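Trainee: Counted from 1, the sequence shown has number 234 at position 227 by our numbering; the numbering is strictly sequential. Note that CB positions come from ideal geometry on N, CA and C, so glycine has one too. Note that the structure is a prediction, hence the values are computed from the model and not measured. For reference, the structure I am asking about is given below.
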Amino acid sequence: MHWIAACLIVWAQLAVAAGVGSDLRINVRLVDYADVPKATLMKAERQVTGIFHDADVATEWLNCKPISGQPPCVWIPTGPVLLIQVLPEEMIRHVGLGRLALACSIVPVESSSEEEFSTDAYVCFPRVSAMAISNAPYRERNDWTSAILGSVMAHELGHLLGIRAHQMFGLMYTPWSLQEVNLARQGRLLFTSEEKRKIQAHLHRRMIAAGYSSLGTDAALVNPKAGNQETRDGDLKSRLPTPTTR
Ligand SMILES: [Zn+2]
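Right under this line is the structure:
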């Protein structure tokens, strides 16, 4: 099996400077190694939940804290489990992500003959925060940080749920500019109709394969100035710790 790291890259000019109508659902296990302020994280999670609600997909969250010596998170998932690890700068350097990467997900290479289900995404919180600080009015920095963080997480979850390619507009567009960030703050940076259908179909297959019932059916976000940052990096997962505790 061959996997690649798909990394979300920010546009250089930014100076990095619920319930739904279908039974489709995801369980997101989030491990915050970056000590993101709780209010920021909760608001970002609500944004992700809203984005997937718009796609008729329910989202359940489990927030795990990486505290050694504690028992692992206890959780009975109700749907496919996706893992987001929010990383501080030293862990970003450790795993060797590109300097412009906001986030990455581990996805199968395009040539894979069998459908593989991706589970792992990584978000570089200091770079998300830096983007907000560099562009937001002082009093709006927290709101910008939450909006960018939520949109970055939703973008990566989109990759994990079968959206391989970047699009011309919407949440899966790349590279991001101030326009995308403003749309994110307004809750208008969403999946396109086609992407929603792809995610629903992918999730349906995934839920069936995992034995869940269902009624329904970054390679780089390329910075044109930096080139394609997509890397074939099967070692990425092995270089990150596996969260074991709440
Ligand atoms: Zn992407």
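1) Alpha helix (DSSP H) containing residue 134: first to last residue?
2) Using the Cβ count rule (16 or more neighbours within 10 Å means buried), how would you classify residue 101?
3) Could you pull out every residue in the same chain whose Cβ sits closer than 8 Å to the Cβ of residue 216, ignoring the five residues on either side in sequence?
4) For residue 224, which of helix, strand or coil comes out of DSSP?
5) To which residues of the same chain is residue 149 closer than 7 Å at the C-beta, ignoring the five residues directly before and after it?
6) By the three-class DSSP mapping on this structure, what secondary structure does residue 145 have?
7) When DSSP labels each residue in this structure, what does residue 108 get in the three-state scheme?
8) Alpha carbon to alpha carbon, how far is residue 144 from residue 90?
9) If you measure from the CB of residue 60, is any heavy atom of ligand 1 nearer than 7 Å?
10) Quick one: is the Cβ of residue 199 within less than 7 Å of any heavy atom of ligand 1?
11) When DSSP labels each residue in this structure, what does residue 159 get in the three-state scheme?
12) Please state whether DSSP places residue 97 in a helix, a strand or coil.
13) Taking DSSP as the reference, what is the three-state secondary structure of residue 171?
Mentor: Well, looking at it:
1) The sequence position of residue 134 within the sequence shown is 127, counting from 1. Unbroken alpha helix (DSSP H) run through residue 134: 132 to 142.
2) The residue labelled residue 101 in the question sits at position 94 within the sequence shown. Burial call: exposed.
3) If you number the sequence shown from 1, residue 216 lands on position 209. Here the set comprises 124.
4) Numbered from its first residue, the sequence shown carries residue 224 at position 217. Residue placement at residue 224 is poorly supported in this model, since its pLDDT is 28, which falls under 50; the coordinates still yield a value, given next. Residue 224 falls in the coil class under three-state DSSP.
5) For the purposes of this step, residue 149 is taken as the residue at position 142 of the sequence shown. Within the same chain, residue 149 has close Cβ partners 47.
6) For this step, residue 145 is matched to residue 138 along the sequence shown. In the structure shown, residue 145 sits in a helix (DSSP, three-state: H, G or I).
7) Start at 1 with the first residue of the sequence shown, and residue 108 comes out as number 101. Strand.
8) As a first step, residue 144 must be located in the sequence shown, where it is residue number 137. As a first step, residue 90 must be located in the sequence shown, where it is residue number 83. Going from the Cα of residue 144 to the Cα of residue 90 covers about 32 Å.
9) The residue labelled residue 60 in the question sits at position 53 within the sequence shown. The answer is no for residue 60.
10) The residue given as residue 199 occupies position 192 in the sequence shown. No.
11) Position 152 of the sequence shown holds residue 159. Residue 159 falls in the helix class under three-state DSSP.
12) If you number the sequence shown from 1, residue 97 lands on position 90. In this structure, residue 97 counts as helix in the three-state DSSP scheme.
13) The residue labelled residue 171 in the question sits at position 164 within the sequence shown. Correct three-state label for residue 171: coil.
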